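Each residue of the sequence shown is one higher than the one before, counting from 73 in my numbering.
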Amino acid sequence: MNLIMFSITMTALISLILVFVAFWLPTINPDNEKLSPYECGFDPLGSARLPFSLRFFLVAILFLLFDLEIALLLPLPWGDQLYSPFITIIWASIIIILLTLGLVYEWLQGGLEWAE
Numbered sequence: 073m074n075l076i077m078f079s080i081t082m083t084a085l086i087s088l089i090l091v092f093v094a095f096w097l098p099t100i101n102p103d104n105e106k107l108s109p110y111e112c113g114f115d116p117l118g119s120a121r122l123p124f125s126l127r128f129f130l131v132a133i134l135f136l137l138f139d140l141e142i143a144l145l146l147p148l149p150w151g152d153q154l155y156s157p158f159i160t161i162i163w164a165s166i167i168i169i170l171l172t173l174g175l176v177y178e179w180l181q182g183g184l185e186w187a188e
């Protein structure tokens, strides 16, 4: 028990030291040269942080949403080994119908249009 407490204490202490150093070191002496983006030795002509389209963000979120819901269907081939495979097919059908309805809704609302 004593060895476990020592290990936990040392781990917490080292973690706290590393977090403190990570927050303390960058604030020592920031200057314009360190804060500017590196462009092959040339002075930057403009801002390196270009704005991105909000439409791109929405399409990316839709992709992640549908991709995660499709991941729910991946174990479906093993559904026939369950106690009641018919209920598994019903739930899979409900998920597919919800995916299709969500896709149709986004299509009708113009969420998939890249440019207006």
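Every residue, glycine too, gets a C-beta built ideally from N, C-alpha and C.
It should be emphasised that the depicted structure is a prediction, and the values quoted were computed from it without experimental measurement.
Check                                                                                                           : Outcome
Could you work out which residue in 141, 88 and 153 is closest to residue 172 when comparing CA atoms only?     : 141
Taking the alpha helix (DSSP H) that residue 157 belongs to, which residues open and close that run?            : 157-181
Can you tell me the Cα-Cα spacing of residue 165 and residue 126, whole angstroms?                              : 33 Å
Which value, in whole angstroms, describes the spacing of the CA atoms of residue 154 and residue 85?           : 48 Å
Between the alpha carbons of residue 97 and residue 87, how many angstroms are there, rounded?                  : 15 Å
Using only alpha-carbon positions, find the residue among 134, 101, 136 and 167 that is nearest to residue 148. : 167
Specify, as a first and last residue, the run of the alpha helix (DSSP H) that residue 141 falls within.        : 126-143
Hey, how far is the Cα of residue 178 from the Cα of residue 184?                                               : 7 Å
Using only the alpha-carbon positions, how far apart do residue 124 and residue 76 sit?                         : 49 Å
Considering residue 62, what are the terminal residues of the alpha helix (DSSP H) in which it resides?         : Since the first residue of the chain shown is 73 and the last is 188, residue 62 is not available in this structure.
DSSP on residue 101, reduced to helix/strand/coil?                                                              : coil
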